[in-house]
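Numbering (my numbering), first residue to last: 84 to 587. Just so you know, even glycine gets a beta-carbon here, dropped at the ideal spot from N, CA and C. This report refers to the structure that appears directly beneath it.
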């Protein structure tokens, strides 16, 4: 079907019925029938779905996400399947009435069929908005970190990859892994690493700053897409906020989950904001104060559509999180859980930190890969120290942060002149310092904000256990030289470092 944007109600029904009857005629399996009719439904309703996915890969992604990959992840999947099954039944009944020329029955059935169609269309709308928002926010984060030249790769991934685990894997491989491996070679070439000996440990220290310094990012403002602007309006504008609150209240009252799949409040809040992007949310809020005779029926109908929007968004978000976590398979379960939590609903403000943390974990993964043959005798550990911009700390002088107090909270950063390092290692230690030095409430509040918003200075420690290595090596110095050679590093005392080698 080439021109589906202008299809009227009966045209949409006819297109989907034709596909249904074709599949029934060849006795297609149920899952194949559902997938093909769902795709036809999606295309037939393109004129009713804002930001309709034009690429075939995107349409396939949407179908696969909602019909297959959401199963067992979210109760919204059962809701969608139930309404799609009802749609197929009503479509079949409508087709029979049409075939025998029963106009009265056909019109009656058409109204029932249209109700199911509209619910499904709103479910699709919620999923389209949510998945578009995730992709837009993530691509913006990539552009900020990797520069405008990254647009070519981003467009290629979008055009060729289904929005699933492989989509995220393509981003990781083509941006993060390439950058990390290039940065590793640069660290070796510039001898940015340090060799230390602590007891029975030989330690190689890699500064993660060297990775971040190599990023060719941009500070230019990135234009917001229509989806991003609409989502922001649902949080910042008065009408948007009120519409979102009305949808959230409706979802909290509705029975959307079950005992095993309770819905997260943040997820519901996100879905309500997505719902508020659609005009039906405003119509529902207005209907709440409508005193007309048919107001209750109208509220029920509009509320049903708002719930469909929210469920479509939640199902999409849950599947995206699952796909993203699968793409992070190189990392531990604990690390993946942290990244998923940090990403939230893939808000723009969170994704920069998520990208950098994925790069850090990938750097650690690279070090483990190189030492895999001696994994039992090698450990890779991150050392993370909270960091503050020197200018931000200087600005606290007026609030009472004098030189003496400043020295109690901060040390100079030897590797970055415009930064300072927090002396406190954890929140408890930080709070203890606030009490010990009797910091005034105004200054304490400013320091807490600085602490909570702090970035981190990260060093990766490659620790070689010489005692453990000595138990299996007949010539310890030669074995150490062999291990360091895998990392492109000459052993202590050698005249020149080994040449950097790029992994295949």
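Here residue 574 carries a coil assignment [DSSP, helix/strand/coil]. Shown here for residue 122: same chain residues with a beta carbon closer than 6 Å to its own, the five before and five after excluded, namely 146 in chain order.
In this structure residue 288 is in contact with residue 277, their Cβ atoms being roughly 4 Å apart against a cut-off of 8 Å. The alpha carbon of residue 248 has as its nearest neighbour, out of 408, 574, 438, 307, the alpha carbon of 408.
Annotation: residue 112 to residue 166 spans about 19 Å, alpha carbon to alpha carbon.
Taking each of 549, 100, 471 in turn and checking the Cα distance to residue 176, the smallest one comes out for 100. When C-beta atoms of the stretch 186-197 are compared with those of the stretch 131-143, fewer than three pairs fall below 8 Å, so the two segments do not count as touching. Judged by DSSP in its simplified three-state form, residue 436 adopts helix. DSSP places residue 113 in the uninterrupted alpha helix (DSSP H) bounded by 113-127. Residue burial annotation: residue 401 is buried, with at least 16 other C-beta atoms found within 10 angstroms of its C-beta.
Cα atoms of residue 203 and residue 399: separation of roughly 14 Å, rounded to the nearest angstrom. When Cβ pairs closer than 8 Å are counted between the two stretches, the stretch 444-453 is seen not to touch the stretch 549-562, the count staying below three. Annotation: residue 490 to residue 308 spans about 45 Å, alpha carbon to alpha carbon.
Straight-line measurement puts the Cα of residue 383 at about 21 Å from the Cα of residue 164. Assigned with DSSP and collapsed to three states, residue 538 falls in strand.
According to the DSSP secondary-structure assignment, residue 466 is paired through a beta bridge with 542. In the displayed model, residue 280 falls within a strand according to three-state DSSP.
In chain order, 453 place their CB closer than 6 Å to the CB of residue 570, counting only its own chain and leaving out the 5 sequence neighbours on each side. At the C-beta level, residue 216 and residue 310 come within 7 Å of one another. Considered as a whole, the stretch 481-528 harbours 493-495, 502-505 as its complete beta strand (DSSP E) runs of no fewer than 3 residues, in chain order.
Per DSSP, the beta bridge partners of residue 287 are 278, 545. Every unbroken stretch of the alpha helix (DSSP H) spanning 4 or more residues and falling wholly within the stretch 126-208 is given here in chain order: 139-147, 158-182. For the 7 Å CB-CB criterion, residue 431 and residue 220 form a contact. Check the Cα spacing between residue 469 and each of 461, 513, 210, 359: the tightest is with 513. Here the C-alpha atom of residue 237 lies approximately 50 Å from the C-alpha atom of residue 487.
With respect to the C-alpha of residue 127, the residue from 92, 104, 161 having the closest C-alpha is 92. Looking only at 324, 375, 371, the smallest Cα-Cα distance to residue 358 is reached by 324.
No Cβ-Cβ contact shorter than 7 Å links residue 414 with residue 434.
For residue 360, there is no enclosing alpha helix (DSSP H), since its DSSP letter is neither H nor E. Ranked by how close their Cα comes to the Cα of residue 365, the residues 375, 320, 299 have 320 in first place. Take the alpha-carbon of residue 479 and the one of residue 526: they are about 7 Å apart. The C-alpha of residue 427 is placed about 19 Å away from the C-alpha of residue 255. Secondary structure at residue 461: strand, using DSSP grouped into helix, strand and coil. In this structure, 317 is the residue among 378, 269, 186, 317 with its C-alpha nearest to the C-alpha of residue 362.
For residue 414, there is no enclosing alpha helix (DSSP H), as DSSP marks it with neither H nor E.
Under the 10 Å beta carbon count, residue 509 is surrounded by fewer than 16 other beta carbons and is classified as exposed.
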